[in-house]
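In UniProt numbering, the protein residues as written are 1 to 435. Here a beta-carbon is modelled for each residue, glycine too, at the ideal position from N, C-alpha and C. Here the structure is a predicted model, which means the values were calculated and not measured. To keep things clear, I will list the structure first and then write my remarks on it.
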């Protein structure tokens with residue numbers, strides 16, 4: 001029997017708080033879970049620094065990746081099993097792409113990527129195609145199989161149905177992370193009727209559509225996503241911790257470029273600082289490694305790096321005020337000068353952070369980050385774009401919401417033992433009362 005068709009002698013199950021059980025029968029899938037590259041995801045949190053806001057948010061990319069795999073397994077083995085519009089030969093490809101879709105995430109994913117100009121999807125493809133245990137297993141299926149998996153993740157695979165299951169405006173990735181993140185943060189916003197959505201999914205042409213009878217379940221899903229972004233993912237306290245994390249990495253990178261002699265040499269970061277990151281360098285970094293360095297840097301000679309690391313490790317976060325950069329840029333310039341006078345480097349201690357989200361969009365051909373809309377399959381067989389049929393979705397379609405905050409170290413400004421007058425001016429401009 002070919003490796004692609006091999007089954008385990010006995011089904012393996014993972015107990016899961018979201019899906020109850022995650023089922024594995026395929027030898028290929030079981031072998032992929034056991035690779036070094038996939039096990040590394042246990043040491044990458046799903047929500048980065050969100051655990052500093054919602055203490056339960058300690059779940060990992062490993063948990064989420066298994067969850068996405070389970071949703072796809074249910075779709076291809078149950079929902080699509082008798083559908084002639086579905087190519088059943090794509091089953092294993094779907095399972096592997098779902099399992100491996102987040103393989104390239106780094107520690108504190110998005111903050112890390114911004115500082116070092118990296119792309120987790122690019123590294124996911126490099127892991128799949130490079131000299132890795134994952135590649136060895138995929139290559140045993142067929143020599144061209146690793147490239148197929150990489151193409152699905154890159155959204156270039158020829159079968160668009162497969163891509164839409166993994167990455168679209170209603171996909172297995174989002175259906176898992178909304179529920180999983182809601183569960184571990186303890187909020188109620190991310191819950192929706194996934195069972196109903198799975199029942200009404202239909203493969204059709206080059207996409208996956210929703211039977212019109214399931215429209216209300218999809219409305220609930222979209223509103224859940226909207227609420228999760230603004231109540232959890234863009235929470236201002238989480239953004240404060242991300243600001244400090246980002247500034248730590250910027251400071252360490254700047255010190256390294258200046259030839260600074262670290263008391264504890266950051267050898268794991270060397271290639272990140274110089275911009276010549278190898279695949280192995282990338283895989284050697286996880287959040288346990290990064291936080292270990294932060295702990296060591298709490299004793300560094302450089303006062304900025306030392307203070308920022310202490311703030312992150314001991315959760316002494318920056319406070320924030322609402323800020324409109326288009327109208328208040330003069331205020332920002334004034335604050336930067338006053339921060340300098342107060343011996344605070346504004347590059348590290350005065351930070352404008354912006355968050356923006358587009359909860360749902362209709363088709364805008366040719367635009368950057370072009371989104372394929374959700375289509376409803378009507379009783380007569382015709383397709384209708386979701387926002388044209390749903391007043392709820394229409395109300396938020398194409399509407400990008402943006403929020404700006406100005407972050408600063410209130411504890412330092414409240415200490416009037418030094419630069420008392422300057423600090424009082426800063427607090428007045430920020431509109432902060434001295435208490």
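Spatial distance of residue i from residue j (CA atoms)
i, j, result
"residue 152", "residue 252", "36 angstroms"
"residue 369", "residue 192", "Summary for residue 369: the model assigns pLDDT 48, below 50, so the residue's position carries little reliability, and this model does not support an answer."
"residue 424", "residue 288", "40 angstroms"
"residue 376", "residue 386", "6 angstroms"
"residue 294", "residue 311", "10 angstroms"
"residue 176", "residue 225", "11 angstroms"
"residue 247", "residue 240", "11 angstroms"
"residue 73", "residue 86", "14 angstroms"
"residue 330", "residue 214", "51 angstroms"
"residue 190", "residue 263", "44 angstroms"
"residue 32", "residue 39", "9 angstroms"
"residue 245", "residue 58", "17 angstroms"
"residue 243", "residue 355", "12 angstroms"
"residue 35", "residue 308", "35 angstroms"
"residue 229", "residue 268", "32 angstroms"
"residue 343", "residue 296", "24 angstroms"
"residue 56", "residue 181", "9 angstroms"
"residue 167", "residue 155", "8 angstroms"
"residue 25", "residue 250", "45 angstroms"
"residue 233", "residue 48", "10 angstroms"
"residue 426", "residue 178", "40 angstroms"
"residue 358", "residue 420", "43 angstroms"
"residue 416", "residue 328", "26 angstroms"
"residue 383", "residue 227", "28 angstroms"
Helix, strand or coil at residue i according to DSSP, with G and I counted as helix
i, result
"residue 364", "Low per-residue confidence applies at residue 364: pLDDT is 39, beneath 50, and the placement is therefore not dependable, though the value from the model is reported in the following sentence. Three-state result, residue 364: coil."
"residue 189", "coil"
"residue 207", "strand"
"residue 49", "helix"
"residue 430", "helix"
"residue 22", "strand"
"residue 376", "strand"
"residue 246", "helix"
"residue 172", "helix"
"residue 9", "strand"
"residue 144", "coil"
"residue 423", "helix"
"residue 401", "strand"
"residue 202", "strand"
"residue 87", "coil"
"residue 394", "helix"
"residue 329", "helix"
"residue 31", "helix"
"residue 321", "strand"
"residue 68", "helix"
"residue 487", "Because the chain here runs from 1 to 435, residue 487 falls outside it and cannot be looked at."
"residue 233", "helix"
"residue 351", "strand"
"residue 15", "strand"
"residue 60", "strand"
"residue 92", "helix"
Residue j beta carbon less than 7 angstroms from that of residue i
i, j, result
"residue 79", "residue 198", "yes"
"residue 315", "residue 52", "yes"
"residue 97", "residue 128", "no"
"residue 203", "residue 161", "yes"
"residue 219", "residue 71", "no"
"residue 115", "residue 164", "no"
"residue 313", "residue 212", "no"
"residue 348", "residue 396", "no"
"residue 66", "residue 137", "no"
"residue 404", "residue 323", "yes"
"residue 360", "residue 140", "no"
"residue 130", "residue 283", "no"
"residue 62", "residue 45", "no"
"residue 300", "residue 422", "no"
"residue 185", "residue 54", "yes"
"residue 271", "residue 281", "yes"
"residue 29", "residue 93", "no"
"residue 170", "residue 429", "no"
Exposure of residue i, with buried meaning 16 or more beta-carbon neighbours within 10 Å
i, result
"residue 8", "exposed"
"residue 238", "buried"
"residue 135", "buried"
"residue 418", "exposed"
"residue 17", "exposed"
"residue 84", "exposed"
"residue 144", "exposed"
"residue 325", "exposed"
Within-7 angstroms CB hit, residue i to chain C
i, result
"residue 388", "The chain inventory of the structure shown lacks chain C, comprising one protein chain alone."
Specify whether the segment 97 to 111 and the segment 190 to 197 touch according to this definition: at least 3 beta carbon pairs, one from each stretch, less than 8 angstroms apart. The segment 97 to 111 vs the segment 190 to 197: no contact.
### Task
Evaluate contact between the segment 402 to 416 and the segment 306 to 325, counting only Cβ atoms and requiring at least three cross-stretch pairs below 8 angstroms.
yes
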